[in-house]
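Colleague:
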Amino acid sequence: MRDMEKEIAEWRRGMRETSKHRPQALDELEAHLREEIARLEQAGTQAEKAFELAVAKLGPPAAVGAEFEKLEAMRGAKWKPATLAQWACIGMSVLVAASLLPRVGHGRMTLLLASHAVALTIGYLTMFILGGLAVSYVLVDLFQKTTSIQRYALRRASLQLATVAMTLTAIGIVLGMFWAKENWGRYWAWDPKETGAAAILGCAVAIAALRWFRSTSHNAIPVAGIIGSMGTAVAWFGGNASMRFGPLLIAFIAGHCVVLVVFSLAWSRRRQLLH
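Letter by letter, the sequence shown follows residues 4 to 278 in the working numbering.
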């Protein structure tokens with residue numbers, strides 16, 4: 004009977020010699036190998052045969068190495084619009100905090116109210132940045148066809164921005180509830196601003212949740228980002244009674260709808276050509 008630990012050590016040595024795996028990658032591969040061996044043994048396969056089947060399932064070192072190199076390239080993928088969106092989020096956060104927090108020192112706002120306003124404003128603006136990134140992706144895809152690296156960079160940046168928007172909007176809502184309780188005697192009343200905040204939070208949560216669905220089409224990310232941006236505009240400005248936002252809001256929504264329709268038509272046409 005062969006020594007299983009010795010076999011695994013030799014397999015690992017061979018993988019290291021014939022491919023450029025990092026230690027972390029080898030650890031992950033070994034964990035998958037051990038899990039497959041355990042599964043086969045539980046199904047009644049002998050240990051020696053289980054090892055051979057598990058190794059065969061993972062594939063030869065050269066093939067596995069090529070796949071991990073692709074994955075490493077994807078993890079380091081960069082796309083200028085995605086990078087700009089991330090820096091825009093950081094810069095916008097600094098500007099919002101710098102404009103609102105000094106009001107606390109001047110006595111114009113309480114710390115609780117200022118924190119609520121900062122968190123919500125940054126959360127809402129992050130949703131707009133996410134929408135802008137999605138529109139950029141659609142335009143690039145329409146005119147020159149996006150690459151796998153660009154799609155991966157879009158997914159990663161979009162999910163990061165959605166998580167930031169979700170977290171800050173949730174914090175802003177909670178802080179606003181405590182401020183409302185102190186000043187108005189209630190936590191929540193479903194007024195237009197509160198309802199809008201809840202709607203924006205829902206949009207951010209829905210987009211951030213896409214990280215758990217790896218099989219989601221890469222086109223779903225920009226579509227979700229554009230819809231989230233439109234929802235944010237309606238919830239934030241549509242809830243205000245001031246009519247000065249009316250024409251701008253209508254133009255904003257109409258423009259995004261045009262982008263969605265054109266993108267959907269182009270997507271459908273490509274699928275027809277493939278079939």
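Each residue gets a CB set at the ideal place from its N, CA and C atoms; glycine is no exception.
Looking at chain B, is there any beta carbon in it that lies within less than 8 Å of the beta carbon of Tyr127?
Modeller: The question asks about chain B, but that chain is absent: this structure has only one protein chain.
Colleague: How far does the alpha helix (DSSP H) with His119 in it reach, from first residue to last?
Modeller: Taken as a continuous stretch (DSSP letters only), the alpha helix (DSSP H) holding His119 covers Leu114 to Gln147.
Colleague: For Arg158, which residues from the same chain have a beta carbon less than 6 Å from its beta carbon, with the 5 sequence-adjacent residues on both sides left out?
Modeller: Ile224.
Colleague: Using the three-state DSSP reduction, which class does Leu213 fall into: helix, strand or coil?
Modeller: Looking at Leu213 - three-state DSSP - the assignment turns out to be helix.
Colleague: For Lys81, I'd like the list of residues in its chain whose CB is within less than 7 Å of its CB, leaving aside the five on either flank, ordered along the chain.
Modeller: Result list for Lys81: Ala156, in chain order.
Colleague: Would you call Met4 buried or exposed, if buried means 16 or more other Cβ atoms sit within 10 Å of its Cβ?
Modeller: With a pLDDT of 43 at Met4, under the threshold of 50, the predicted position of this residue should be treated as unreliable, though the coordinate-derived value follows. Label assigned to Met4: exposed.
Colleague: Expressed to the nearest angstrom, what Euclidean distance is found between the alpha-carbon atoms of Ala120 and Ala59?
Modeller: Ala120 and Ala59: Cα-Cα distance of roughly 57 Å.
Colleague: According to DSSP, simplified to helix, strand and coil, what is Gln49?
Modeller: The answer is coil: DSSP assigns Gln49 none of H, G, I, E or B.
Colleague: Can you tell me where the alpha helix (DSSP H) holding Tyr155 begins and where it ends?
Modeller: Taken as a continuous stretch (DSSP letters only), the alpha helix (DSSP H) holding Tyr155 covers Ser151 to Trp187.
Colleague: Have a look at Phe131, Lys83 and Val107 and flag the residue whose alpha-carbon is nearest the alpha-carbon of Leu252.
Modeller: The residue with the shortest Cα to Cα distance from Leu252 is Phe131.
Colleague: Does Leu104 come out as helix, strand or coil in the three-state DSSP assignment?
Modeller: Three-state DSSP puts Leu104 in coil, outside helix and strand.
Colleague: Using the Cβ count rule (16 or more neighbours within 10 Å means buried), how would you classify Leu171?
Modeller: Buried, because 16 or more other Cβ atoms sit within 10 Å of the Cβ of Leu171.
Colleague: In whole angstroms, what is the alpha-carbon distance linking Gln153 and Ala88?
Modeller: Cα-Cα distance, rounded: 14 Å.
Colleague: Taking the Cβ atom as the reference point for each residue, do Ile210 and Ala165 lie within a distance shorter than 8 Å?
Modeller: In contact: Ile210 and Ala165 (Cβ atoms closer than 8 Å).
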